[in-house]
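Novice: The number in my numbering is simply the position in the sequence shown, starting from 1, with 17 added.
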Amino acid sequence: MDNKLIEQIKKLKAERDAVILAHNYQPGEIQDLADFCGDSLGLSIQASQTDAEVIVFCGVQFMAETAAILSPEKTVLLPEKFAGCPMADMITAEQLRQLKKENPDALVVCYVNSSAEVKAESDYCCTSANAVEVVNSLPEGKRILFVPDQHLGQFAAERTGRKLVLWPGYCPTHVLITTDDIKAARAKYPDAIVMTHPECTEPVKELSDELLSTGQMLKFAAKSKAKRFIIATEIGIIHTLKKQNPEAEFFPASDRAICPNMKKITIDKVIGSLENMQYKVTVPDTIRIEAKKALDRMVEILPEK
């Protein structure tokens, strides 16, 4: 990155008392300029623990909302106002309220990849890293509604042996990865370990060696003696995997696994966000307080690792 741009960002951060967060799927140059890189919830927790007054979240809308839920006293900025999440948009609060009416005695487990309004209608949140533990912690025999990702929900159901009512949502980027992609990658790199995100489809997961969240992939690669890995998730994470493990090789399961929303944020937009304090993301207290309850219940069960 241009040194002048680096200095400009440093100056603006100091002026605004800001911290920059970047999700693992962001472009490499955005990850490089960030103070913290990671998954959405982990980043929001890190930001809440800093003294910074401003959080610049290089991610998508629901991630910035989560930061606002956990840090209501801070200003949360999303550098690209149209960076959304198709999966999060696949269920609305009204749809969830209707589902709850149809299942009045059920508990709702909500993936953090969802809107603040949907979180507020849920009993528990979960991440891709702890969905199994959250579901396992709930009372036996209790009906469980899992929203919005059917593939993470199916993963949790299989690992826990629980029968879940799954909302038919999905991540358009992860479902682009096919069994043919995995087979072709294995044929090309037969000694590689296939690490797959639980948002992938069930047939893809069945062909994989490890089913891991983005954070778990980073930890697994750091500890593994293997030197080659096939990565079945959004390709942005390969940037960090290579930085942290320069002696290993990482190959995307599919070059199509690119989230267009995650790639909308640029260095110029980060600078513009800091200069103009745009675009502010807020969550009304009536929604924020209820959404935080679902997040807090998750943390009580199993603190984020």
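The beta-carbon is built from N, C-alpha and C at its ideal position, and this holds for glycine as well.
Small disclaimer: the values here were computed from a predicted structure and weren't measured.
1) Are residue 130 and residue 105 closer than 8 Å when you measure CB to CB?
2) I need the straight-line Cα distance from residue 318 to residue 154, nearest angstrom please.
3) Alpha carbon to alpha carbon, how far is residue 249 from residue 137?
4) Out of 101, 79, 144, which has the shortest C-alpha to C-alpha gap to residue 230?
5) State the Cα-Cα distance for the pair residue 271 and residue 161, rounded to the nearest angstrom.
6) With burial defined as no fewer than 16 other Cβ atoms inside 10 Å of the residue's Cβ, what is the status of residue 55: buried or exposed?
7) Output the distance between the C-alpha atoms of residue 219 and residue 173, rounded to the nearest integer angstrom.
8) Using beta-carbon positions only, say whether residue 75 and residue 35 come within less than 8 Å of one another.
9) In its own chain, which residues sit with a C-beta less than 8 Å from the C-beta of residue 320, not counting the 5 before and 5 after it?
10) Near residue 186, which residues of its chain fall below 8 Å by C-beta distance, leaving aside the five closest residues on each side in sequence?
11) How big is the Cα-Cα spacing for residue 208 and residue 148?
12) Any contact between the segment 281-299 and the segment 307-314? By contact I mean 3 or more CB pairs, one from each, below 8 Å.
13) Quick one: using the 10 Å Cβ neighbour count with 16 as the cut-off for buried, is residue 118 buried or exposed?
14) In the DSSP assignment, find the alpha helix (DSSP H) that holds residue 135 and state where it starts and stops.
15) Under a three-way DSSP split, which group does residue 93 fall into?
16) On the three-state DSSP scale, how would you describe residue 109?
17) With respect to the beta strand (DSSP E) encompassing residue 155, which residues constitute its N-terminal and C-terminal limits?
18) For residue 41, count neighbouring Cβ atoms within 10 angstroms of its own Cβ and tell me buried if that reaches 16, exposed if not.
19) Find the nearest neighbour of residue 183 within the set 23, 101, 113, 267, judged by alpha-carbon distance.
20) Relative to the C-alpha of residue 142, which candidate in 126, 150, 98 has its C-alpha closest?
21) Taking the alpha carbon of residue 228 as the reference point, which residue from 240, 239, 242, 211 has its own alpha carbon closest?
22) Suppose the cutoff is 6 Å on Cβ atoms and the five residues either side in sequence are ignored; what does the same chain contact list for residue 139 look like?
23) Please classify residue 223 as buried or exposed, where buried requires at least 16 neighbouring CB atoms within 10 angstroms.
24) With burial defined as no fewer than 16 other Cβ atoms inside 10 Å of the residue's Cβ, what is the status of residue 260: buried or exposed?
25) Measure the CB-CB distance between residue 254 and residue 96 and report whether it falls below 8 Å.
26) Taking the CB atoms as reference points, tell me whether residue 240 and residue 94 lie closer together than 8 Å.
27) Are the Cβ atoms of residue 133 and residue 300 separated by less than 8 Å?
28) Using the beta-carbon count (16 or more within 10 Å), is residue 322 buried or exposed?
Specialist: By the coordinates alone:
1) Position 113 of the sequence shown, counted from the first residue, corresponds to residue 130. Position 88 of the sequence shown, counted from the first residue, corresponds to residue 105. In contact: residue 130 and residue 105 (Cβ atoms closer than 8 Å).
2) One-based indexing of the sequence shown puts residue 318 at position 301. One-based indexing of the sequence shown puts residue 154 at position 137. Take the alpha-carbon of residue 318 and the one of residue 154: they are about 7 Å apart.
3) Stepping through the sequence shown from its first residue, residue 249 is reached at position 232. Stepping through the sequence shown from its first residue, residue 137 is reached at position 120. Near 31 Å, if we compare the C-alpha coordinates of residue 137 and residue 249.
4) Locating residue 230 in the sequence shown gives position 213, where the first residue counts as 1. The shortest C-alpha separation from residue 230 is found at 144.
5) As a working note, residue 271 is residue 254 in the sequence shown. As a working note, residue 161 is residue 144 in the sequence shown. Whole-angstrom Cα-Cα distance: 33 Å.
6) Sequence index remark: in the sequence shown, residue 55 carries index 38 (1-based). Buried, since its Cβ has 16 or more Cβ neighbours within 10 Å.
7) Within the sequence shown, the letter at position 202 stands for residue 219. Within the sequence shown, the letter at position 156 stands for residue 173. Distance between residue 219 and residue 173, taken at the CA atoms: about 12 Å.
8) As a working note, residue 75 is residue 58 in the sequence shown. As a working note, residue 35 is residue 18 in the sequence shown. No.
9) Taking the sequence shown and counting its residues from 1, the one referred to as residue 320 is at position 303. Confidence is the limiting factor: at residue 320 the pLDDT is only 47, short of 50, which leaves the residue's position unreliable and the question unanswerable from this model.
10) Locating residue 186 in the sequence shown gives position 169, counting from the first residue. So the list reads 104, 107, 108, 164, 165, 166, 167, once near-sequence residues are dropped.
11) Here the question's residue 208 lines up with position 191 in the sequence shown. Here the question's residue 148 lines up with position 131 in the sequence shown. Each residue's Cα considered, the two are about 30 Å apart.
12) no
13) Your numbering for residue 118 matches position 101 in the sequence shown. The residue in question, residue 118, is exposed, as its Cβ has fewer than 16 Cβ neighbours within 10 Å.
14) In the sequence shown, residue 135 corresponds to position 118, counting from 1. Unbroken alpha helix (DSSP H) run through residue 135: 133-137.
15) Here the question's residue 93 lines up with position 76 in the sequence shown. Three-state DSSP puts residue 93 in a strand.
16) The residue given as residue 109 occupies position 92 in the sequence shown. Looking at residue 109 - three-state DSSP - the assignment turns out to be coil, as it is neither helix nor strand.
17) Looking up residue 155 in the sequence shown gives position 138. DSSP places residue 155 in no beta strand (DSSP E); its state is neither H nor E.
18) Taking the first residue of the sequence shown as 1, we reach residue 41 at position 24. The residue in question, residue 41, is buried, as its Cβ has 16 or more Cβ neighbours within 10 Å.
19) One-based indexing of the sequence shown puts residue 183 at position 166. Ranking 23, 101, 113, 267 by Cα distance to residue 183 puts 113 first.
20) As a first step, residue 142 must be located in the sequence shown, where it is residue number 125. For residue 142, the nearest C-alpha among the options comes from 126.
21) For the purposes of this step, residue 228 is taken as the residue at position 211 of the sequence shown. Nearest of 240, 239, 242, 211 to residue 228, Cα basis: 211.
22) Your numbering for residue 139 matches position 122 in the sequence shown. For residue 139, where only same-chain residues beyond five positions count, the Cβ hits under 6 Å are 125, 127, 311.
23) Position 206 of the sequence shown, counted from the start, is the residue given in the question as residue 223. The residue in question, residue 223, is exposed, as its Cβ has fewer than 16 Cβ neighbours within 10 Å.
24) Taking the first residue of the sequence shown as 1, we reach residue 260 at position 243. Flag for residue 260 reads exposed.
25) Against the sequence shown, residue 254 aligns to sequence position 237. Against the sequence shown, residue 96 aligns to sequence position 79. Cβ atoms of residue 254 and residue 96: not closer than 8 Å.
26) Taking the first residue of the sequence shown as position 1, residue 240 is located at position 223. Taking the first residue of the sequence shown as position 1, residue 94 is located at position 77. The answer is no: Cβ separation not under 8 Å.
27) In the sequence shown, counting from the first residue as 1, residue 133 sits at position 116. In the sequence shown, counting from the first residue as 1, residue 300 sits at position 283. In this structure, residue 300 lies closer than 8 Å to residue 133 by Cβ.
28) As a first step, residue 322 is located in the sequence shown; it is residue number 305 there, counting from the start. Per-residue confidence for residue 322 stands at a pLDDT of 43, beneath the threshold of 50, marking its modelled position as unreliable; no derived number is given.
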